[in-house]
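Line by line, the protein sequences are chains A and B. The numbering used here puts the first residue of the first sequence at 1, with every later residue one more than the last. The numbering used here puts the first residue of the second sequence at 234, with every later residue one more than the last.
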Amino acid sequence: MPIVEFKDVTRVYTSGDHELKALDGVNLSLDEGKFIVVLGPSGAGKSTLLNLLGGLDNPTSGKILVNGQDISGYSSDTLADYRASTVGFVFQFYNLIPTLTVYENVALVKQICADALDPEDMIARVGLSDHLEQFPAELSGGEQQRVSIARALAKNPKILLCDEPTGALDSQTGVVVLKLLLSMARDFGKTIVIVTHNQNIARMADVVVRVKNGRIVSCESQAHPLSAEEVDW
Amino acid sequence: MLTRKLFRTARAYKAQFISMIVMVALGVGVFLGFNMEWYSIERNTGSFFEETKLADYRLYSEAGFSRADLDALLAVDGIDAATRMLSVNVSIQDSEQSLSLNVSEDYTVSTMLVTDGAPYDPEADGLWLSDRFAGANGISIGDELTLAYRGFKITAPVLGLAKSGEQLICVGDSTQVMPDYSKFGFAYLTPKKYRAAILLDFYPQINLRSPLSKEALEAAAAKALGRTIMVVPKEDTTSYGEAMGESKEGKAMGGILPVLFLAIALLAMTTTMHRITANEKRQIGTLKALGFKDRRILRHYASYGFVIGLIGTALGIALGYGICYIIMNPNGMMGTYFDMPRWELAMPGFCWGVLALIVGFMTLISVLSVRKMLSGTAAEALQPYVPRKMRRIALERTPLWKRLQFGTRWNLRDVLRHKSRSAMTLIGIVGCMLLLVGGLGMRDTLNGFLRLIDEDVSNYVTMVSLAENSDADGAMALADALDADWDAASGISVNGKTVMLEIVDNGRDKYRFVDADNAVTPLSDEGAYVCMRLAKDIRVGDTVTFSPYGSSDTYSVKVIGVLRSVMTENLVMSRACAERVGVPYSITTLYTDVPASELPDSSLIASAQSHAAIMETYDSFTQIMDLMIALLIVAAVVLGVVVLYNLGLMSYIERSRELATLKVLGFRDRQIGRLLISQNAWLTVVGVLLGIPAGALTLKLLIDKLAGEYELKMFIGPVTYIVSIVLTFGVSLFVGIIVARKNRKIDMVEALKGVD
Chain A
1 MPIVEFKDVT RVYTSGDHEL KALDGVNLSL DEGKFIVVLG PSGAGKSTLL
51 NLLGGLDNPT SGKILVNGQD ISGYSSDTLA DYRASTVGFV FQFYNLIPTL
101 TVYENVALVK QICADALDPE DMIARVGLSD HLEQFPAELS GGEQQRVSIA
151 RALAKNPKIL LCDEPTGALD SQTGVVVLKL LLSMARDFGK TIVIVTHNQN
201 IARMADVVVR VKNGRIVSCE SQAHPLSAEE VDW
Chain B
234 MLTRKLFRTA RAYKAQFISM IVMVALGVGV FLGFNMEWYS IERNTGSFFE
284 ETKLADYRLY SEAGFSRADL DALLAVDGID AATRMLSVNV SIQDSEQSLS
334 LNVSEDYTVS TMLVTDGAPY DPEADGLWLS DRFAGANGIS IGDELTLAYR
384 GFKITAPVLG LAKSGEQLIC VGDSTQVMPD YSKFGFAYLT PKKYRAAILL
434 DFYPQINLRS PLSKEALEAA AAKALGRTIM VVPKEDTTSY GEAMGESKEG
484 KAMGGILPVL FLAIALLAMT TTMHRITANE KRQIGTLKAL GFKDRRILRH
534 YASYGFVIGL IGTALGIALG YGICYIIMNP NGMMGTYFDM PRWELAMPGF
584 CWGVLALIVG FMTLISVLSV RKMLSGTAAE ALQPYVPRKM RRIALERTPL
634 WKRLQFGTRW NLRDVLRHKS RSAMTLIGIV GCMLLLVGGL GMRDTLNGFL
684 RLIDEDVSNY VTMVSLAENS DADGAMALAD ALDADWDAAS GISVNGKTVM
734 LEIVDNGRDK YRFVDADNAV TPLSDEGAYV CMRLAKDIRV GDTVTFSPYG
784 SSDTYSVKVI GVLRSVMTEN LVMSRACAER VGVPYSITTL YTDVPASELP
834 DSSLIASAQS HAAIMETYDS FTQIMDLMIA LLIVAAVVLG VVVLYNLGLM
884 SYIERSRELA TLKVLGFRDR QIGRLLISQN AWLTVVGVLL GIPAGALTLK
934 LLIDKLAGEY ELKMFIGPVT YIVSIVLTFG VSLFVGIIVA RKNRKIDMVE
984 ALKGVD
């Protein structure tokens with residue numbers, strides 16, 4: 001049973017007289033518990049796809065079914081609830097709240113999620129128990145991304161959405177973060193969707209979706225995905 | 234090209250640009266409004282006084298001055314012009330109106346400006362009447378009036394209408410605060426007609442123009458006349474004294490409130506310009522990297538402050554003229570007080586300097602803000618602006634911190650992280666609260682003052698003014714017949730200062746006195762009382778020496794108490810005390826419960842005013858005050874809205890990334906809105922708490938500045954506090970909601986792009 005289904009989804013951005021089709025009749029089906037990588041060059045529409053799935057944006061036409069529910073017509077409040085309960089985000093630039101400590105950044109989700117996981121436990125799992133009281137600006141990029149992963153998973157979402165999660169990190173740190181992301185997602189049995197233009201990450205995925213000019217070029221399952229150690233970074 | 238950038242940047246930051254312009258305009262407007270007011274008063278009254286040859290000094294002699302006296306004075310070096318005068322209050326027969334009747338023998342001093350009818354002719358057989366009195370009572374040129382003066386009836390036609398500097402503020406006596414032309418006016422009678430009516434050459438007054446000091450003139454007059462003469466300078470007359478008092482009040486107001494507005498405008502400009510240049514840091518770096526010299530970039534950003542200063546100042550000048558016009562126009566606030574021909578608005582010269590300084594400051598603030606961003610290499614300038622790192626606050630080490638909600642912690646840290654923004658918000662709220670408490674408190678204070686006059690001091694139905702020099706026994710008998718308290722008011726000189734001596738018999742509890750705590754105080758016969766203004770120099774226990782007008786005799790009396798004078802500066806003593814001291818007196822006013830209509834027909838009575846009618850004369854005074862307060866409240870609310878909106882918007886822009894993150898996490902718009910509003914609410918609570926004492930202090934400062942004019946007791950009513958708090962919270966909540974609504978429009982995708 002697919003957890004995500006895109007049915008003829010189009011997203012058109014209008015700016016003055018210009019129209020830009022970011023997604024053009026996309027049909028896509030993603031299974032639960034898989035590690036999916038969306039690959040494509042800049043401007044291909046992969047972030048648009050992620051934003052629509054994450055409930056940050058509405059499609060111009062078409063349907064997006066998550067768990068059998070069509071989220072494309074949701075109101076702003078229902079979408080907020082959807083984001084709170086169903087999806088977790090990990091961004092390229094972490095997007096932590098600078099005025100909250102590590103603990104507070106993660107504990108924040110308890111304000112909106114009824115079944116949030118224990119923040120301290122999540123922070124321990126990303127190995128930052130010693131940094132509970134520090135502010136984001138006092139952490140390295142890799143550490144900040146780990147907080148962001150802890151925060152995303154603390155919401156106990158069904159789907160973890162990651163937009164270039166290692167894009168702002170050096171390759172060594174990137175690998176560490178990626179490994180952590182994958183192992184935690186697997187431990188908690190989450191579906192994980194990573195948008196990237198890094199081909200290496202794609203080699204670790206269960207499913208690779210290639211996007212170009214707003215269309216899905218291919219959607220292939222990999223029978224034997226590589227582990228992080230096996231990938232030549 | 235950079236000019237185009239200026240306009241486009243202004244469009245991008247239009248809310249900030251507009252709010253800064255509004256703040257500068259408001260500051261300049263209030264500053265100019267008050268300063269133009271006093272300056273216009275001085276200019277217009279000054280030229281009117283000059284035109285109608287206002288006397289510099291008045292010499293009084295109860296026995297009258299002879300022609301030889303006048304000639305002796307005119308021979309004195311330093312006396313430029315002089316005339317024998319009569320200036321008395323008379324009633325118009327068969328009416329409730331009375332007039333100040335003036336006769337100027339030589340008409341070289343204290344003249345008038347004829348506005349309609351025949352030009353003044355000393356040989357004419359008639360009178361010239363106050364044009365406003367004529368207008369208010371439907372009297373036309375050619376109408377005949379019969380005036381009652383000391384038992385004489387003077388019937389004369391109105392030959393012309395006029396205004397006079399001597400009658401700029403046309404009030405019957407010092408108990409009347411505001412002119413009421415339906416009841417009291419003035420007239421100039423020719424000396425010929427006067428002589429024909431009373432068959433005498435009686436002139437108890439000489440008005441003269443002289444640059445000499447009061448002391449020098451007193452000495453010269455004593456030498457020329459061979460006797461000591463009471464000299465009253467123009468400063469002690471209602472028209473000149475009160476006009477200068479108004480100007481002084483304007484200066485007092487102009488020195489306090491505008492400073493506050495301007496300071497807030499400058500502070501807000503500092504914060505806003507810093508934010509704009511911080512946001513523009515990349516562009517500044519780009520310009521630098523492109524090869525623009527620092528000086529050129531500085532000049533470009535300096536032009537922001539310059540343009541804001543210039544537009545704000547220009548609008549402020551217009552606003553200042555508007556505010557000044559509301560006060561200074563013949564039909565406006567001051568028009569009910571002053572009767573003068575010209576109402577030209579003028580700006581004091583130093584204001585131009587202040588305006589230039591304001592524009593200069595605005596430019597300087599821009600320069601300083603951008604200089605910080607320009608420092609270092611082009612590569613450094615290209616780096617985005619990094620706000621200061623978070624530091625733990627002391628509260629975080631307490632157990633209380635753990636119990637705070639995340640929103641509270643977030644807001645607390647945000648307030649402390651953006652100290653200048655928070656401080657400015659606080660100053661805006663304190664400013665708003667201060668103006669409201671101060672303004673409404675001024676109203677409370679003045680209303681309390683009027684209530685004091687109405688309820689505590691005046692316990693009579695009718696105030697009867699007796700004709701000048703009415704015979705003592707007759708007056709006393711009349712007082713007994715009317716069961717009246719009486720007051721013998723006359724001018725005296727104390728330490729070279731002219732004040733009022735009130736000898737009072739108030740055994741019937743009609744006319745009362747209150748102490749500094751506004752408690753009604755019976756007069757003791759043991760000594761005299763000084764008013765609070767005199768009490769600054771004369772202490773209880775001192776012996777005060779004074780001499781009455783027109784007399785060289787001196788008297789001494791011990792001061793046994795201080796009273797709050799609701800009118801002029803005065804020395805008060807009971808009849809028994811006065812008789813013991815031996816000071817002569819003549820009853821001037823009776824206070825009785827007999828209604829005006831039931832008063833006996835007596836030649837002693839010059840005029841009668843009911844308690845209600847006297848209080849009515851304060852109506853226009855309270856109307857003026859209410860309008861001023863309304864202006865102040867509008868200014869306070871505009872100030873509050875502009876400052877809070879500007880800062881709220883900056884806070885929102887600065888936090889848009891955090892807000893977008895919260896949205897992405899699944900926070901609803903309403904939850905985020907509540908978070909934003911709660912920060913405003915907390916700052917408002919603190920601002921209100923600080924604003925209350927600040928408002929009370931400002932009010933105290935204003936009352937102290939006016940202490941030379943009025944003996945006001947500061948009073949702030951509960952309604953003032955409630956209205957001020959509700960309005961301030963209303964402003965804060967209103968702005969908070971408007972800013973929080975913007976949160977709905979945050980584009981999560983856009984806001985989360987780019988570097989943190």
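For glycine and all other residues, C-beta sits at the position ideal for the given N, C-alpha and C. Here the structure is a predicted model, which is why all the values come from computation and not from measurement.
is_contact[residue i, chain A] using C-beta, thresh 8 Å
i: arginine 650 of chain B; result: yes
i: methionine 981 of chain B; result: yes
i: valine 988 of chain B; result: Legend: pLDDT at valine 988 of chain B = 48, less than 50; position of this residue unreliable, no value from coordinates given.
i: methionine 883 of chain B; result: no
Chain A residues whose Cβ lies nearer than 7 Å to that of residue i
i: valine 897 of chain B; result: Leu56, Arg83 and Phe89
i: arginine 646 of chain B; result: Thr99
Residues that residue i contacts on chain B, provided the C-beta gap is smaller than 7 Å
i: glutamine 111 of chain A; result: Phe639
i: asparagine 51 of chain A; result: Val982
Contact list for residue i against chain B, beta-carbon separation under 8 Å
i: alanine 80 of chain A; result: Lys896, Gly899, Phe900, Arg901 and Asp902
Beta-carbon neighbours of residue i, restricted to chain A and to distances below 8 Å
i: glutamate 891 of chain B; result: Ile97, Pro98 and Thr99
i: leucine 985 of chain B; result: Phe91, Phe93 and Asn95
Beta carbon proximity, residue i to chain B, threshold 8 Å
i: aspartate 77 of chain A; result: yes
For residue j and residue i, the rounded distance between their alpha carbons
i: threonine 787 of chain B; j: proline 951 of chain B; result: 49 Å
i: glycine 671 of chain B; j: isoleucine 550 of chain B; result: 25 Å
i: isoleucine 857 of chain B; j: leucine 679 of chain B; result: 12 Å
i: leucine 360 of chain B; j: glutamate 284 of chain B; result: 20 Å
i: aspartate 77 of chain A; j: proline 59 of chain A; result: 17 Å
i: serine 798 of chain B; j: leucine 332 of chain B; result: 26 Å
i: alanine 305 of chain B; j: valine 694 of chain B; result: 48 Å
i: valine 988 of chain B; j: glutamine 92 of chain A; result: Confidence at valine 988 of chain B is low in this model, with a pLDDT of 48, below 50, so its placement is unreliable and the value that follows should be read with caution. The alpha-carbon atoms of valine 988 of chain B and glutamine 92 of chain A are separated by roughly 9 Å.
i: threonine 316 of chain B; j: glutamate 688 of chain B; result: 43 Å
i: proline 581 of chain B; j: glycine 279 of chain B; result: 14 Å
i: glutamate 996 of chain B; j: lysine 635 of chain B; result: As displayed, chain B neither begins before 234 nor continues past 989, which places residue 996 of chain B out of reach and without an answer.
i: lysine 938 of chain B; j: alanine 485 of chain B; result: 6 Å
i: phenylalanine 779 of chain B; j: glycine 384 of chain B; result: 33 Å
i: glutamate 143 of chain A; j: leucine 934 of chain B; result: 57 Å
i: alanine 714 of chain B; j: glycine 794 of chain B; result: 31 Å
i: leucine 117 of chain A; j: alanine 84 of chain A; result: 13 Å
i: valine 667 of chain B; j: glycine 260 of chain B; result: Before going further, note that residue 667 of chain B is leucine rather than valine in the sequence given. Each residue's Cα considered, the two are about 15 Å apart.
i: serine 415 of chain B; j: glycine 368 of chain B; result: 9 Å
i: glycine 33 of chain A; j: arginine 888 of chain B; result: 35 Å
i: isoleucine 862 of chain B; j: proline 491 of chain B; result: 15 Å
i: leucine 181 of chain A; j: alanine 152 of chain A; result: 10 Å
Under 9 Å from the C-beta of residue i: neighbouring residues of chain A
i: tryptophan 643 of chain B; result: Ile97, Thr99, Leu100, Glu104 and Leu108
8 Å contact criterion, which residue i and residue j should meet: CB distance rounded
i: proline 355 of chain B; j: proline 424 of chain B; result: 6 Å
i: glutamine 145 of chain A; j: proline 165 of chain A; result: 6 Å
i: serine 363 of chain B; j: alanine 395 of chain B; result: 7 Å
i: glutamine 222 of chain A; j: valine 208 of chain A; result: 6 Å
i: asparagine 410 of chain B; j: phenylalanine 948 of chain B; result: Note that residue 410 of chain B is valine in the sequence shown here, rather than asparagine. That belief does not hold up - the Cβ atoms of valine 410 of chain B and phenylalanine 948 of chain B are roughly 19 Å apart, past 8 Å.
Residues within the region 127–150 of chain A neighbouring chain B, beta-carbon criterion of under 7 Å: Phe135 and Ala137
Under 9 Å (Cβ pairs) to chain A, residues found in the region 528–544 of chain B: none
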